[in-house]
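**Q** Heads up: the sequence shown at position 18 corresponds to 28 in our numbering, and the numbers run straight through without jumps.
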Amino acid sequence: MPSQSAQVPNPAAAQVQLITISDEEAGQRIDNFLLRICKGVPKSHIYRVLRSGEVRVNKGRIDQTYRLAEGDMVRIPPIRVAEKAANTAPGAEFKIIFEDSHLLIIDKPAGVAVHGGSGVSYGVIEQLRASRPDAKFLELVHRLDRETSGVLLLAKKRSALTNLHEQIRDGEPDKRYFALVQGEWKNSRQHIKLPLHKYSTPDGERRVRVQADGMPSHTIFNLRQKYDGYALLEAELKTGRTHQIRVHLASSGFPIAGDDKYGDFALNRALQKADGDRAPLKRMFLHAHQITFVHPESGKQMTFNAPLPPECDRFLRSLSKVE
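(1) Q27: buried (16+ other C-beta within 10 angstroms of its C-beta) or exposed?
(2) Leaving aside the five residues before and after Q74 along the sequence, list all residues of the same chain whose C-beta is less than 6 angstroms from its C-beta, in chain order.
(3) Going straight from the alpha carbon of T249 to that of S159, what length do you get?
(4) So what does DSSP say about L291, is it helix, strand or coil?
(5) Using the Cα positions of E4 and L318, report the straight-line distance between them to the nearest angstrom.
(6) Give a yes or no on whether the C-beta atoms belonging to Y240 and L296 are separated by under 8 angstroms.
(7) Taking all protein chains shown into account, decide if A316 is buried (16 or more other Cβ within 10 angstroms of its Cβ) or exposed.
(8) Could you tell me the alpha carbon to alpha carbon distance between W195 and D144, rounded to whole angstroms?
(9) Below 8 angstroms between beta carbons: does that hold for D82 and V65?
(10) Which two residues bound the contiguous beta strand (DSSP E) that contains R199?
(11) State the Cα-Cα distance for the pair S4 and R71, rounded to the nearest angstrom.
(12) Flag this pair as yes or no: are the beta carbons of F104 and I115 separated by less than 8 angstroms?
(13) Which of helix, strand or coil does DSSP assign to L243?
(14) To the nearest angstrom, how far is it from the Cα of S198 to the Cα of R46?
(15) Among residues of its own chain, excluding the 5 on either side of E321, which ones have a beta-carbon nearer than 6 angstroms to its beta-carbon?
(16) Spell out a yes or no on whether the segment 288 to 305 and the segment 175 to 194 are touching, meaning 3 or more CB-CB pairs, one atom from each, closer than 8 angstroms.
(17) Per DSSP, which residues does R256 bridge with? Please list them.
(18) What are the uninterrupted segments assigned as beta strand (DSSP E) that are 3 or more residues long and contained completely in the segment 102 to 177, given in chain order?
(19) For I107, which residues in the same chain have their Cβ closer than 7 angstroms to its Cβ, ignoring the five residues on either side in sequence?
(20) Since K271 and V332 should fall inside the 8 angstroms C-beta cutoff, what is the C-beta to C-beta distance between them, to a whole number of angstroms?
(21) Can you check which of these residues, A102, Y57, A36 and E182, is closest to P306 by C-alpha distance?
(22) Within a Cβ cutoff of 7 angstroms, which residues of the same chain sit near Q177, ignoring the five residues on either side of it in sequence?
(23) Identify the residues that DSSP records as bridge partners of A298: which are they?
(24) State the beta-bridge partners of N278 as determined by DSSP.
(25) How would you call A123, buried or exposed, if buried means at least 16 neighbouring beta carbons within 10 angstroms?
(26) Residues in the same chain with beta-carbon distance under 6 angstroms from F264, minus the five sequence neighbours each way, listed in chain order, please.
(27) Name the two residues that bound the continuous beta strand (DSSP E) containing I86.
(28) How should P209 be labelled, buried or exposed, when 16 other C-beta atoms within 10 angstroms of its C-beta is the threshold for buried?
(29) Comparing C-alpha positions only, which one of L44, N173, L174 and H125 sits nearest to P87?
(30) Please go through the same chain and pick out, in chain order, the residues whose beta-carbon is closer than 6 angstroms to the beta-carbon of I135, but skip the five residues on each side of it.
(31) Going by DSSP, what residues sit across from K236 in a beta bridge?
Shown next, in the form of structure tokens:
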């Protein structure tokens, strides 16, 4: 059931807003709710009006940690935001793998961030929201690196998001990736357990390295096909650390072809140009090809796949298989 408000939420208008919380909005913190409703308003301003007591729930004062309940009446004071601060992401749709009233599953192309930030003004989520202005709720369930393509799961209801996050915390969803690595891979099935530590480079870029006191991380790699100088692997994520597959492979001596952060940079440059019968590869060869999870409403187990992108498929077909 959608929110019922005395006025249509419009953070650019200097008017009091009265919003009744629906069952789908219940459970979230008041600060996160306001940040979503008041798009374009600086975070600092949101927290300032919260501290001042101008935001009321059921006519009473609350702090920023208050969790909303269904039926709560939220009073939002007049908040004016400069027009230029509004979301300017261009609307875009992506290839839809599956959609119902709870979920949206898309095939994300390589080179597109899943959300804005870190020098990226907008990503998949902002573009989808812009193209679906009537959507009451749309949130990322998980993330993919900008240069990784494939299955991306989004929630269209808060209850679905909460349920899927619980599944992720319990390690239930089965996520599979295809990765093409350089080198002579030996084992048909190999576990890699290396602790990972996140850090930032001097210019602020996010990176990950293997470090003894890092977060426990576990990936299983299944050999799918050997090629001359390469191997196509299927990766099973047992933990979901940032850049996990990329760093586990690079640290084991098998960099992913085209990886511009952890790969073989000389190889990457060479791969961008065709060489004899070999097709060029101008991206990182990492693709989220399959996800299995329990539908948050029906309780049924579901599996969805995204085919290998044409540029990756062409590159594989141009390599010589090794039996």
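All C-beta atoms in this analysis are idealised placements derived from N, C-alpha and C, irrespective of residue type, glycine included.
Fair warning: this is a prediction, and the values are worked out from it, not measured in the lab.
**A** Answer, in terms of the structure:
(1) Numbered from 1 along the sequence shown, position 17 holds the residue referred to as residue 27. Label assigned to Q27: buried.
(2) By 1-based counting over the sequence shown, the position of residue 74 is 64. The answer, listed in chain order, is D41 and L60.
(3) Looking up residue 249 in the sequence shown gives position 239. Looking up residue 159 in the sequence shown gives position 149. When rounded, the distance between both Cα atoms is 19 angstroms.
(4) Residue mapping note: residue 291 aligns to position 281 of the sequence shown, counting from 1. Three-state DSSP puts L291 in coil, outside helix and strand.
(5) Limits of the chain in this structure are 11 at one end and 333 at the other, which puts residue 4 out of reach.
(6) Your numbering for residue 240 matches position 230 in the sequence shown. Your numbering for residue 296 matches position 286 in the sequence shown. For Y240 and L296, no; Cβs fall outside 8 angstroms.
(7) As a position in the sequence shown, residue 316 is number 306, starting the count at 1. Counting Cβ neighbours within 10 Å, A316 comes out buried, since at least 16 surround it.
(8) Position 185 of the sequence shown, counting from 1, holds the residue named residue 195. Position 134 of the sequence shown, counting from 1, holds the residue named residue 144. Each residue's alpha carbon lies about 49 angstroms from the other.
(9) Taking the first residue of the sequence shown as 1, we reach residue 82 at position 72. Taking the first residue of the sequence shown as 1, we reach residue 65 at position 55. With a cutoff of 8 angstroms on beta-carbon distance, D82 and V65 are scored as not near each other.
(10) Position 189 of the sequence shown, counted from the first residue, corresponds to residue 199. Here the beta strand (DSSP E) through R199 covers R199 to K203.
(11) Absent from the structure is residue 4, since the part of the chain shown begins at 11 and ends at 333.
(12) Position 94 of the sequence shown, counted from the first residue, corresponds to residue 104. Position 105 of the sequence shown, counted from the first residue, corresponds to residue 115. Note that the C-beta distance between F104 and I115 is not below 8 angstroms.
(13) Taking the sequence shown and counting its residues from 1, one reaches residue 243 at position 233. In the displayed model, L243 falls within a strand according to three-state DSSP.
(14) Here residue 198 refers to the residue found at position 188 when the sequence shown is read from its first residue. Here residue 46 refers to the residue found at position 36 when the sequence shown is read from its first residue. Straight-line Cα distance between these residues: approximately 47 angstroms.
(15) By one-based count along the sequence shown, residue 321 stands at place 311. Within the same chain, no Cβ atom closer than 6 angstroms to the Cβ of E321 is found once the five residues on either side in sequence are excluded.
(16) Between the segment 288 to 305 and the segment 175 to 194, the count of Cβ pairs shorter than 8 angstroms is three or higher; the stretches touch.
(17) On the sequence shown, position 246 is the one that residue 256 refers to. DSSP lists no bridge partner for R256.
(18) Given a length threshold of 3 residues, each whole run of the beta strand (DSSP E) inside the segment 102 to 177 is given here in chain order: 105 to 109, 113 to 118 and 159 to 165.
(19) Walking along the sequence shown from the start, residue 107 turns up at place 97. Cβ neighbours of I107 beyond the five flanking positions: I115, I116, D117, V161, F314 and A316.
(20) The residue you call residue 271 lines up with position 261 of the sequence shown. The residue you call residue 332 lines up with position 322 of the sequence shown. Contact between K271 and V332 is absent: CB atoms are separated by about 28 angstroms, not below the 8 angstroms threshold.
(21) One-based indexing of the sequence shown puts residue 306 at position 296. Between P306 and the set A102, Y57, A36 and E182, the nearest pair of CA atoms involves E182.
(22) Numbered from 1 along the sequence shown, position 167 holds the residue referred to as residue 177. Apart from sequence neighbours up to five positions away, the residues of its chain that approach Q177 with a beta-carbon distance below 7 angstroms are P183, F303 and V304, ordered along the chain.
(23) Along the sequence shown, read from residue 1 onward, the residue named residue 298 stands at position 288. Per DSSP, the beta-bridge partners of A298 are G160 and Y187.
(24) Within the sequence shown, residue 278 is the residue found at index 268, counting from 1. BP columns for N278 are empty, so no partner.
(25) Along the sequence shown, one-based indexing puts residue 123 at 113. So A123 ends up on the buried side.
(26) Residue numbering aside, residue 264 sits at position 254 when the sequence shown is read from its first letter. Non-local beta-carbon contacts of F264 in its own chain, meaning distances under 6 angstroms to residues more than five positions away in sequence, involve V191 and G193 in chain order.
(27) To locate residue 86, count along the sequence shown from 1; it is residue 76. M83 to I86 is the span of the beta strand (DSSP E), which, as asked, contains I86.
(28) Residue 209 sits at position 199 when you count from the first residue of the sequence shown. Reading off the sequence shown, one finds Tyr at residue 209, where the question assumed Pro. Y209 should be labelled exposed.
(29) Here the question's residue 87 lines up with position 77 in the sequence shown. Nearest of L44, N173, L174 and H125 to P87, Cα basis: L44.
(30) Stepping through the sequence shown from its first residue, residue 135 is reached at position 125. Result list for I135: H125 and L150, in chain order.
(31) One-based indexing of the sequence shown puts residue 236 at position 226. The partner list for K236 (beta bridge, DSSP) reads A241 and V332.
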